[in-house]
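Reviewing the structure listed below.
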(Lines of atoms letter the chains of each structure in order from A and count residues from 1; the text may use other names and numbers.)
(Lines give C-alpha, C1' and ligand atoms only; values in the text may rest on other atoms or scores of the structure.)
Protein backbone atom coordinates (compact mmCIF):
# COMPACT_ATOMS: atom_id res chain seq x y z
CA UNK A 1 0.00 0.00 0.00
CA UNK A 2 2.96 2.38 0.38
CA UNK A 3 3.96 2.37 -3.28
CA UNK A 4 2.17 5.65 -3.93
CA UNK A 5 3.77 7.24 -0.88
CA UNK A 6 7.20 6.21 -2.15
CA UNK A 7 6.48 7.60 -5.62
CA UNK A 8 5.39 10.91 -4.13
CA UNK A 9 8.90 11.30 -2.71
CA UNK A 10 10.08 12.09 -6.24
CA UNK A 11 7.76 15.09 -6.34
CA UNK A 12 9.24 16.44 -3.13
CA UNK A 13 12.75 15.80 -4.42
CA UNK A 14 11.95 17.87 -7.51
CA UNK A 15 11.11 20.78 -5.24
CA UNK A 16 14.20 20.23 -3.06
CA UNK A 17 16.51 20.38 -6.06
CA UNK A 18 14.77 23.27 -7.85
CA UNK A 19 12.87 25.33 -5.25
CA UNK A 20 10.12 25.68 -7.86
CA UNK A 21 7.21 26.87 -5.70
CA UNK A 22 4.72 26.84 -8.57
CA UNK A 23 5.47 23.16 -9.08
CA UNK A 24 5.15 22.58 -5.35
CA UNK A 25 1.81 24.39 -5.18
CA UNK A 26 0.16 23.04 -8.32
CA UNK A 27 1.65 19.56 -8.74
CA UNK A 28 3.53 18.18 -5.76
CA UNK A 29 1.58 19.34 -2.73
CA UNK A 30 -1.90 18.19 -3.84
CA UNK A 31 -0.52 14.66 -4.32
CA UNK A 32 1.46 14.71 -1.07
CA UNK A 33 -1.62 15.90 0.80
CA UNK A 34 -3.93 13.21 -0.56
CA UNK A 35 -1.35 10.48 0.02
CA UNK A 36 -0.98 11.67 3.61
CA UNK A 37 -4.75 11.80 4.01
CA UNK A 38 -4.92 8.12 3.08
CA UNK A 39 -2.28 7.07 5.60
CA UNK A 40 -3.75 9.21 8.38
CA UNK A 41 -6.72 6.86 8.13
CA UNK A 42 -4.73 3.71 7.39
CA UNK A 43 -2.54 3.66 10.50
CA UNK A 44 -3.92 1.79 13.53
CA UNK A 45 -2.76 1.30 17.14
CA UNK A 46 -0.43 -1.63 17.69
CA UNK A 47 -2.23 -4.12 19.99
CA UNK A 48 0.96 -4.83 21.93
CA UNK A 49 2.02 -1.18 22.21
CA UNK A 50 -1.15 0.94 21.87
CA UNK A 51 0.85 4.17 22.01
CA UNK A 52 2.37 3.23 18.64
CA UNK A 53 0.64 3.45 15.27
CA UNK A 54 1.40 0.75 12.71
CA UNK A 55 0.73 0.09 9.05
CA UNK A 56 -1.13 -2.92 7.81
CA UNK A 57 -2.10 -5.27 6.48
CA UNK A 58 1.02 -4.98 4.38
CA UNK A 59 4.28 -6.79 3.72
CA UNK A 60 8.03 -6.41 3.47
CA UNK A 61 8.49 -7.18 -0.23
CA UNK A 62 8.99 -10.89 -0.98
CA UNK A 63 9.74 -11.73 2.66
CA UNK A 64 7.36 -12.81 5.40
CA UNK A 65 3.99 -12.63 3.70
CA UNK A 66 1.07 -10.44 4.74
CA UNK A 67 1.72 -8.87 8.14
CA UNK A 68 1.18 -5.81 10.27
CA UNK A 69 3.91 -3.25 10.93
CA UNK A 70 6.70 -3.80 8.38
CA UNK A 71 9.56 -1.40 9.05
CA UNK A 72 9.72 -0.22 5.45
CA UNK A 73 6.12 0.99 5.58
CA UNK A 74 6.77 3.06 8.68
CA UNK A 75 9.88 4.66 7.20
CA UNK A 76 8.06 5.60 3.99
CA UNK A 77 5.02 7.00 5.81
CA UNK A 78 7.18 9.03 8.21
CA UNK A 79 8.99 10.46 5.19
CA UNK A 80 5.72 11.23 3.40
CA UNK A 81 4.28 12.98 6.45
CA UNK A 82 7.46 15.04 6.98
CA UNK A 83 7.51 16.13 3.34
CA UNK A 84 3.82 17.01 3.43
CA UNK A 85 4.21 19.08 6.59
CA UNK A 86 7.16 21.01 5.19
CA UNK A 87 5.44 21.61 1.86
CA UNK A 88 2.30 22.91 3.57
CA UNK A 89 4.31 25.22 5.80
CA UNK A 90 6.20 26.62 2.81
CA UNK A 91 2.90 27.30 1.05
CA UNK A 92 1.11 28.48 4.20
CA UNK A 93 -1.88 26.16 3.81
CA UNK A 94 -3.91 23.48 5.63
CA UNK A 95 -2.73 24.26 9.17
CA UNK A 96 -5.43 22.15 10.84
CA UNK A 97 -4.78 19.09 8.69
CA UNK A 98 -1.03 19.44 9.14
CA UNK A 99 -1.39 19.32 12.93
CA UNK A 100 -3.12 15.96 12.54
CA UNK A 101 -0.30 14.72 10.28
CA UNK A 102 2.32 15.81 12.82
CA UNK A 103 0.46 14.05 15.63
CA UNK A 104 0.15 10.83 13.65
CA UNK A 105 3.79 10.91 12.54
CA UNK A 106 5.04 11.22 16.11
CA UNK A 107 3.22 8.00 17.03
CA UNK A 108 4.44 5.76 14.18
CA UNK A 109 6.34 2.77 15.56
CA UNK A 110 10.10 3.42 15.57
CA UNK A 111 12.99 1.58 13.97
CA UNK A 112 14.14 -1.21 16.29
CA UNK A 113 17.41 -3.11 16.70
CA UNK A 114 17.08 -6.87 17.07
CA UNK A 115 18.83 -9.61 18.98
CA UNK A 116 21.44 -10.11 16.25
CA UNK A 117 22.27 -6.40 16.21
CA UNK A 118 20.33 -6.00 12.96
CA UNK A 119 17.75 -3.43 11.97
CA UNK A 120 14.48 -5.28 12.45
CA UNK A 121 12.41 -5.87 9.35
CA UNK A 122 9.24 -5.96 11.46
CA UNK A 123 8.23 -4.98 15.00
CA UNK A 124 8.59 -8.64 15.89
CA UNK A 125 12.26 -9.60 16.19
CA UNK A 126 12.26 -12.53 13.77
CA UNK A 127 14.98 -11.67 11.24
CA UNK A 128 17.02 -14.66 10.06
CA UNK A 129 20.77 -13.90 9.87
CA UNK A 130 21.11 -16.74 7.34
CA UNK A 131 18.65 -15.10 4.94
CA UNK A 132 20.55 -13.74 1.92
CA UNK A 133 17.49 -12.57 0.00
CA UNK A 134 18.10 -9.72 -2.45
CA UNK A 135 15.42 -7.49 -0.89
CA UNK A 136 16.62 -5.26 1.96
CA UNK A 137 13.48 -3.16 2.08
CA UNK A 138 13.69 -2.21 5.74
CA UNK A 139 16.78 -0.10 5.00
CA UNK A 140 14.61 2.33 3.04
CA UNK A 141 15.13 4.85 5.83
CA UNK A 142 18.86 4.79 5.05
CA UNK A 143 18.30 5.29 1.32
CA UNK A 144 16.33 6.75 -0.38
CA UNK A 145 14.98 7.96 2.96
CA UNK A 146 16.99 10.21 5.24
CA UNK A 147 16.18 9.13 8.80
CA UNK A 148 19.27 6.94 9.33
CA UNK A 149 22.84 8.24 9.09
CA UNK A 150 26.12 7.50 10.92
CA UNK A 151 26.32 11.05 12.29
CA UNK A 152 22.72 11.43 13.46
CA UNK A 153 21.63 7.88 14.36
CA UNK A 154 24.88 5.92 14.83
CA UNK A 155 23.28 2.89 16.50
CA UNK A 156 20.76 2.45 13.68
CA UNK A 157 23.51 2.94 11.10
CA UNK A 158 25.51 0.14 12.70
CA UNK A 159 22.39 -2.04 12.69
CA UNK A 160 22.07 -1.39 8.95
CA UNK A 161 25.64 -2.63 8.48
CA UNK A 162 24.76 -5.83 10.33
CA UNK A 163 21.71 -6.34 8.14
CA UNK A 164 23.74 -5.78 4.98
CA UNK A 165 26.40 -8.23 6.14
CA UNK A 166 23.67 -10.84 6.68
CA UNK A 167 22.14 -10.29 3.23
CA UNK A 168 25.51 -10.24 1.46
CA UNK A 169 26.74 -8.45 -1.65
CA UNK A 170 24.98 -10.60 -4.23
CA UNK A 171 21.62 -10.19 -5.85
CA UNK A 172 20.01 -9.13 -9.07
CA UNK A 173 21.06 -5.92 -10.78
CA UNK A 174 18.65 -3.57 -9.04
CA UNK A 175 19.47 -5.11 -5.65
CA UNK A 176 23.19 -4.56 -6.11
CA UNK A 177 22.48 -0.99 -7.22
CA UNK A 178 20.49 -0.28 -4.06
CA UNK A 179 23.33 -1.68 -1.95
CA UNK A 180 25.76 0.71 -3.67
CA UNK A 181 23.63 3.54 -2.32
CA UNK A 182 23.30 1.94 1.13
CA UNK A 183 27.06 1.67 1.61
CA UNK A 184 27.63 5.19 0.28
CA UNK A 185 25.14 6.53 2.84
CA UNK A 186 27.05 4.56 5.48
CA UNK A 187 30.16 6.47 4.31
CA UNK A 188 31.97 3.31 3.20
CA UNK A 189 33.11 4.22 -0.28
CA UNK A 190 35.24 1.13 -0.79
CA UNK A 191 32.36 -1.24 -0.06
CA UNK A 192 30.10 0.87 -2.24
CA UNK A 193 32.61 0.64 -5.09
CA UNK A 194 32.88 -3.13 -4.61
CA UNK A 195 29.13 -3.38 -5.22
CA UNK A 196 29.51 -1.16 -8.29
CA UNK A 197 32.13 -3.52 -9.69
CA UNK A 198 29.92 -6.50 -8.87
CA UNK A 199 27.09 -4.88 -10.80
CA UNK A 200 29.22 -3.97 -13.83
CA UNK A 201 30.25 -7.47 -14.85
CA UNK A 202 29.10 -9.17 -18.05
CA UNK A 203 25.91 -11.15 -17.60
CA UNK A 204 26.58 -14.85 -18.07
CA UNK A 205 23.40 -15.13 -20.11
CA UNK A 206 21.66 -13.11 -22.79
CA UNK A 207 18.39 -14.72 -21.75
CA UNK A 208 16.02 -14.17 -18.86
CA UNK A 209 16.83 -17.10 -16.58
CA UNK A 210 16.71 -15.96 -12.96
CA UNK A 211 19.32 -18.52 -11.94
CA UNK A 212 21.85 -16.47 -13.94
CA UNK A 213 21.12 -13.21 -12.16
CA UNK A 214 22.93 -9.90 -12.24
CA UNK A 215 25.50 -8.26 -14.45
CA UNK A 216 25.14 -6.25 -17.65
CA UNK A 217 24.02 -7.30 -21.11
CA UNK A 218 26.22 -6.53 -24.12
CA UNK A 219 24.43 -3.20 -24.61
CA UNK A 220 25.13 -2.31 -20.94
CA UNK A 221 21.47 -2.71 -19.94
CA UNK A 222 21.19 -4.07 -16.42
CA UNK A 223 20.40 -7.78 -16.22
CA UNK A 224 17.91 -8.60 -13.49
CA UNK A 225 17.35 -10.69 -15.67
CA UNK A 226 15.47 -9.64 -17.77
CA UNK A 227 16.43 -5.98 -18.26
CA UNK A 228 15.51 -3.67 -15.38
CA UNK A 229 16.46 -0.03 -15.68
CA UNK A 230 16.52 0.20 -11.86
CA UNK A 231 20.03 -1.22 -11.94
CA UNK A 232 21.37 1.34 -14.40
CA UNK A 233 19.74 4.33 -12.73
CA UNK A 234 20.52 3.00 -9.26
CA UNK A 235 24.21 2.63 -10.10
CA UNK A 236 24.47 6.24 -11.28
CA UNK A 237 22.66 7.32 -8.12
CA UNK A 238 25.18 5.38 -6.06
CA UNK A 239 28.13 7.01 -7.82
CA UNK A 240 26.62 10.42 -7.09
CA UNK A 241 26.12 9.47 -3.42
CA UNK A 242 29.84 8.64 -3.19
CA UNK A 243 30.72 12.15 -4.39
CA UNK A 244 27.95 14.39 -3.02
CA UNK A 245 25.27 13.96 -0.36
CA UNK A 246 22.81 16.69 0.56
CA UNK A 247 20.07 15.05 2.63
CA UNK A 248 21.25 16.30 6.04
CA UNK A 249 20.40 19.75 7.41
CA UNK A 250 21.57 22.26 9.97
CA UNK A 251 19.47 23.49 12.90
CA UNK A 252 17.77 26.05 10.66
CA UNK A 253 16.74 23.51 8.05
CA UNK A 254 19.36 24.49 5.47
CA UNK A 255 20.93 21.57 3.63
CA UNK A 256 24.54 20.48 4.01
CA UNK A 257 26.35 19.81 0.74
CA UNK A 258 28.71 17.02 1.84
CA UNK A 259 31.63 16.83 -0.60
CA UNK A 260 33.28 13.44 -1.29
CA UNK A 261 31.53 11.79 1.69
CA UNK A 262 32.26 8.23 0.54
CA UNK A 263 35.09 8.52 -1.98
CA UNK A 264 36.43 5.05 -2.88
CA UNK A 265 40.20 4.61 -2.82
CA UNK A 266 39.91 3.21 -6.36
CA UNK A 267 38.73 6.64 -7.54
CA UNK A 268 41.68 8.54 -6.10
CA UNK A 269 41.72 11.12 -8.91
CA UNK A 270 38.78 12.59 -10.76
CA UNK A 271 36.23 15.28 -11.33
CA UNK A 272 32.49 15.61 -11.79
CA UNK A 273 30.49 18.53 -13.13
CA UNK A 274 26.95 19.77 -12.78
CA UNK A 275 25.52 17.50 -10.09
CA UNK A 276 22.64 18.92 -8.08
CA UNK A 277 22.37 19.29 -4.33
CA UNK A 278 19.20 19.85 -2.34
CA UNK A 279 18.54 23.49 -1.75
CA UNK A 280 19.02 24.11 -5.48
CA UNK A 281 22.78 24.10 -5.93
CA UNK A 282 24.70 22.94 -9.02
CA UNK A 283 28.07 21.60 -7.93
CA UNK A 284 31.31 20.62 -9.69
CA UNK A 285 34.14 18.88 -7.83
CA UNK A 286 37.78 18.07 -8.61
CA UNK A 287 39.98 15.84 -6.48
CA UNK A 288 43.46 14.29 -6.59
CA UNK A 289 45.17 11.63 -4.44
CA UNK A 290 41.84 11.13 -2.61
CA UNK A 291 41.83 14.80 -1.54
CA UNK A 292 39.71 17.73 -2.65
CA UNK A 293 41.30 20.20 -5.08
CA UNK A 294 38.40 22.56 -5.79
CA UNK A 295 34.63 23.00 -5.67
CA UNK A 296 32.46 25.25 -7.82
CA UNK A 297 28.90 25.99 -6.73
CA UNK A 298 26.15 27.72 -8.67
CA UNK A 299 23.24 28.87 -6.53
CA UNK A 300 20.05 28.25 -8.47
CA UNK A 301 17.69 29.81 -5.93
CA UNK A 302 19.73 32.04 -3.63
CA UNK A 303 19.58 29.80 -0.56
CA UNK A 304 22.14 29.60 2.23
CA UNK A 305 25.10 27.40 1.30
CA UNK A 306 26.51 24.90 3.81
CA UNK A 307 29.47 23.21 2.12
CA UNK A 308 31.08 20.45 4.20
CA UNK A 309 34.29 18.53 3.57
CA UNK A 310 36.38 16.34 5.84
CA UNK A 311 34.93 17.73 9.06
CA UNK A 312 35.19 21.36 7.95
CA UNK A 313 32.55 23.82 6.77
CA UNK A 314 31.91 26.81 4.54
CA UNK A 315 28.65 28.54 5.44
CA UNK A 316 27.47 31.66 3.63
CA UNK A 317 24.48 33.35 2.07
CA UNK A 318 24.13 33.28 -1.72
CA UNK A 319 22.20 35.11 -4.40
CA UNK A 320 20.31 33.44 -7.23
CA UNK A 321 22.62 32.74 -10.18
CA UNK A 322 25.80 33.38 -8.18
CA UNK A 323 28.79 31.14 -8.96
CA UNK A 324 31.25 30.50 -6.13
CA UNK A 325 34.62 28.72 -6.18
CA UNK A 326 36.42 27.20 -3.20
CA UNK A 327 39.64 25.38 -2.35
CA UNK A 328 40.35 23.25 0.76
CA UNK A 329 41.88 26.11 2.76
CA UNK A 330 38.57 28.00 2.53
CA UNK A 331 36.90 25.46 4.81
CA UNK A 332 36.85 26.18 8.55
CA UNK A 333 37.09 23.67 11.36
CA UNK A 334 33.60 22.97 12.73
CA UNK A 335 34.87 23.24 16.30
CA UNK A 336 36.02 26.82 15.71
CA UNK A 337 32.77 28.11 14.21
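Numbering (our numbering), first residue to last: 4 to 340.
Quick reminder that beta carbons are idealized off the backbone N, C-alpha and C, glycines included.
Everything numeric in this text was worked out from a predicted model, so none of it was measured.
The alpha helix (DSSP H) enclosing residue i, as first and last residue numbers
i, result
"residue 3", "The first residue shown for the chain is 4 and the last is 340, placing residue 3 beyond what the model contains."
"residue 234", "232-246"
"residue 202", "192-202"
"residue 89", "74-94"
"residue 290", "No alpha helix (DSSP H) contains residue 290, which is instead part of the beta strand (DSSP E) from 284-291."
"residue 43", "32-45"
"residue 167", "157-170"
"residue 10", "6-21"
Segment limits, beta strand (DSSP E) that includes residue i
i, result
"residue 261", "259-262"
"residue 409", "As shown, the chain starts at 4 and ends at 340. That puts residue 409 outside it, with no answer to give."
"residue 182", "No beta strand (DSSP E) holds residue 182; the alpha helix (DSSP H) holding it covers 176-188."
"residue 319", "315-319"
"residue 300", "294-302"
"residue 125", "From DSSP, residue 125 is part of no beta strand (DSSP E); its letter is neither H nor E."
"residue 62", "61-63"
"residue 218", "Counting along the chain, residue 218 falls outside any beta strand (DSSP E), and DSSP gives it neither H nor E."
"residue 70", "66-70"
"residue 328", "326-329"
"residue 274", "273-280"
Closest by C-alpha distance to residue i, when choosing among the options
i, options, result
"residue 18", "50, 55, 89, 43", "89"
"residue 107", "41, 263, 229", "41"
"residue 166", "176, 149, 156, 185", "185"
"residue 207", "191, 194, 232, 176", "176"
"residue 303", "281, 315, 241, 318", "281"
"residue 289", "115, 265, 272", "272"
"residue 24", "94, 309, 80, 154", "94"
"residue 266", "66, 49, 196, 169", "196"
"residue 119", "235, 139, 168", "168"
"residue 253", "243, 222, 308", "308"
"residue 341", "11, 65, 92, 38", "Residue 341 lies beyond the range of the chain shown here (4 to 340); nothing can be said about it."
"residue 47", "155, 111, 63", "111"
"residue 172", "143, 156, 137, 221", "137"
"residue 285", "336, 182, 301", "301"
"residue 57", "64, 65, 63, 74", "74"
"residue 293", "262, 139, 144, 38", "262"
"residue 218", "157, 161, 174", "174"
"residue 194", "11, 244, 234", "244"
"residue 51", "71, 38, 157, 132", "71"
"residue 321", "328, 313, 306", "306"
"residue 83", "14, 224, 291", "14"
"residue 178", "228, 223, 157", "228"
"residue 222", "205, 16, 291", "205"
"residue 135", "146, 99, 182", "182"
"residue 133", "20, 277, 225, 170", "170"
"residue 66", "312, 275, 140, 238", "140"
Buried/exposed call for residue i, threshold 16 Cβ in 10 Å
i, result
"residue 124", "buried"
"residue 101", "buried"
"residue 192", "buried"
"residue 209", "exposed"
"residue 109", "exposed"
"residue 6", "exposed"
"residue 29", "exposed"
"residue 87", "buried"
"residue 200", "exposed"
"residue 96", "exposed"
"residue 325", "exposed"
"residue 232", "exposed"
"residue 315", "buried"
"residue 335", "exposed"
"residue 328", "exposed"
"residue 80", "buried"
"residue 131", "exposed"
"residue 337", "exposed"
Contact belief for residue i with residue j at Cβ below 8 Å, rounded distance in angstroms
i, j, result
"residue 149", "residue 77", "Between residue 77 and residue 149 the Cβ distance is about 14 Å, and since that is not below 8 Å, they are no contact."
"residue 189", "residue 164", "6 Å"
"residue 220", "residue 230", "7 Å"
"residue 260", "residue 310", "5 Å"
"residue 318", "residue 299", "Rounded, the Cβ-Cβ distance is 17 Å, inconsistent with contact."
"residue 241", "residue 187", "6 Å"
"residue 128", "residue 144", "Actually they are not in contact, since the Cβ atoms of residue 128 and residue 144 sit about 17 Å apart, beyond 8 Å."
"residue 39", "residue 104", "5 Å"
"residue 234", "residue 202", "6 Å"
"residue 34", "residue 11", "5 Å"
"residue 49", "residue 142", "With 8 Å as the limit, residue 49 and residue 142 do not qualify as a contact, their Cβ atoms being about 22 Å apart."
"residue 162", "residue 122", "4 Å"
"residue 279", "residue 32", "Going by Cβ atoms, the distance from residue 279 to residue 32 rounds to 21 Å, so no, they are not a contact pair."
"residue 283", "residue 22", "4 Å"
Residue i CB to nearest heavy atom of the ligand GTP below 7 Å
i, result
"residue 274", "Within the structure as shown, the ligand GTP is missing, as the structure has no ligands at all."
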